[in-house]
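Each residue of the sequence shown is one higher than the one before, counting from 1 in full-length UniProt numbering.
Yeah, the Cβ is synthetic: ideal placement off N, Cα and C, and Gly gets one too.
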Amino acid sequence: MFDLDRWREIFQTINKNKLRTLLAGFTVTLGILIFTILFGMGNGLKNTFYESFQDDAQNTIFISPRSTSKPFKGFKENRRIEFENEDLEFLKEKFADRLEHITARVFKGVSAKYKNEYGSYDVRAVHPSHQYLEQTETFKGRYINQNDIRTDARVAVIGRLVEKDLFGDKDAVGEYFSMNKIVYRVIGVFKDEGSGDREERTIYTPVSTTQRIYKNTERIDQINLMYDMSIGANGARKLSKEIEKELKKRHNIAPSDRSALRINNKIEDLEETLQFASLLQIIVIVIGIGTLLAGVIGISNIMVYIVKERTKELGIRKALGAKPSSVIGMILQETVVITLLFGYIGLVIGNFILNSMGDKLKDWFITNPNVSQGTIIGATIILVISGLIAGYIPARRAAKVKPIVALRDE
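Pasting the structure below:
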């Protein structure tokens, strides 16, 4: 393997037969290039799916009341289920050992005004724990706290774009503005870059304040909770089922009624999405490996031609005492050199193309397409093994040729 004369001879042979070498190497370069790009695209697709879930906490469950679809215990179907503060407190106590945070949500649409500036925005009336579920970053002022809930404070945390719309370049914290002609004080400004403009045009208020202002009710539109991650995916599914069962008991809903409550466990959405992404990536890998194998078959065919072209030379070598293993080793070594050299060129070009793309393909749901170092090493190993296999068959055939037959070849 480390015979200097053999290495010198291999590079001399490659140098003398540039066209033949280029033809042999081109198939390998093309195969590994396509493989690298396809694999990188698969990773980019997976990155997009991961990114879409990074904005909110993953260990969350969203519970929304709807209408019943079946009669139960004297209640008719199509009965509208309504949640109240007691339902939130019930879940908080019942599942305290598995919950980290729990909050209500009340949704309102408002017309907001500050001096001569107007705008229409969505309001979410929430508890302080809501910031952990949404992973909201308050970069000015503060978020809603428990004292705001207790005192029904007319305060608001506004999105970055709400501040820009109504207050321009002015710092909104401490300023007063109106929502549906009711005056609130801005206590904080948040940003949520992962969710786009709509999220940053949202306003948060204390849930108790909104309940008192609008019809003095304890009704809530949604219950959101964050569970302890230590319970795992199976524990999260079990928790969802237990919550559904308890709420159906409290609101006299038929156990088989699937319409009365909507319980969305984010971990299930994440698992399904990532499974889909992994399936797509497997398909991409299979196509890429098929392309790589096509390149290997190409180099195998060219090596057959190379061996046939050098039949007389190999015959002279055997006549001078060269062993079959020596002939096989020489051809395999030349094959590996060509495979590694042109395979590396394919990897470099492929990585360059992927790096050049960056986030230009986000509209096609491909974010930061890339290939890891482990994949590159694995692809290199595959290349070497494939090159050895591709060269072995013609090399073995050459080693079996009798010297007298090889010398007669024209």
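- According to the DSSP assignment, D165 belongs to the alpha helix (DSSP H) that extends over 160-167.
- Assigned with DSSP and collapsed to three states, V371 falls in coil, not helix or strand.
- In this structure, V286 lies away from G40, with their beta-carbon atoms at least 9 Å apart.
- At the C-beta level, R198 and Q211 stay beyond 9 Å of one another.
- Taking C-alpha positions only, T60 is separated from R154 by approximately 28 Å.
- A contact is defined here as three or more CB-CB pairs under 8 Å, and the stretch 138-151 fails this definition with respect to the stretch 218-234.
- In this structure, T205 keeps its C-beta atom at 9 Å or more from the C-beta atom of R105.
- DSSP places P255 in the coil class of the three-state scheme, outside both helix and strand.
- Taking D221 as the centre and dropping the five residues before and after it, the same chain places the C-beta of R105, V106, F107 closer than 6 Å to its C-beta, in chain order.
- For E175, the three-state secondary structure derived from DSSP is coil.
- By the neighbour-count criterion, in which a residue is buried when 16 or more other Cβ atoms sit within 10 angstroms of its Cβ, V186 is buried.
- CA-to-CA, the gap between F167 and K73 works out to about 54 Å.
- Assigned with DSSP and collapsed to three states, S64 falls in strand.
- Your pair I158 and A172 checks out as a contact, with CB atoms roughly 6 Å apart and the cut at 8 Å.
- For A96, there is no enclosing alpha helix (DSSP H), since its DSSP letter is neither H nor E.
- Distance check between G31 and each of S178, I376, L293 places L293 closest, using alpha-carbon atoms only.
- Looking at the DSSP output, R185 sits in a beta bridge with V155, Y176.
- Here L33 is buried: its Cβ has 16 or more other Cβ atoms, across all protein chains shown, within 10 Å.
- Looking from the CA of F26, the closest CA among K360, I381, F342 belongs to F342.
- With contacts defined by Cβ atoms closer than 9 Å, S240 and T68 do not form a contacting pair.
- The continuous beta strand (DSSP E) containing R262 extends over residues 261-265.
- Residue nearest to A24 within the set T335, L354, N368, K191 is T335 (criterion: CA-CA distance).
- In the three-state DSSP reduction, I203 falls in the strand class (E or B).
- A233 and R98 have their alpha carbons spaced roughly 13 Å apart.
- Annotated as distal: K46 and S256, with beta-carbon spacing of 9 Å or more.
- For S300, the number of other beta carbons within 10 angstroms of its own is at least 16, and it is reported as buried.
- Shown here, Q222 sits in a strand according to DSSP, grouped into three states.
- Around P65, the same chain offers I81, E82, F83, L261 as residues with beta carbons nearer than 7 Å, after the five sequence neighbours per side are excluded.
- G31 carries a helical assignment under DSSP once its states are collapsed to helix, strand and coil.
- DSSP lists F72 as the beta-bridge partner residues of F75.
- Sorting R79, D122, E242, G44 by C-alpha distance to the C-alpha of F90 places E242 at the top.
- For I376, same chain residues with a beta-carbon under 7 Å away, outside a window of 5 residues either side, are L347 in chain order.
- Shown here, T103 sits in a strand according to DSSP, grouped into three states.
- About 5 Å separates the beta carbons of D152 and S208, which is inside the 8 Å limit, making them a contact pair.
- Contact annotation, I223 with I63: C-beta distance approximately 4 Å; criterion of less than 8 Å satisfied.
- Judged by beta-carbon spacing, L354 lies within the 9 Å limit of I37, meaning their Cβ atoms are closer than that value.
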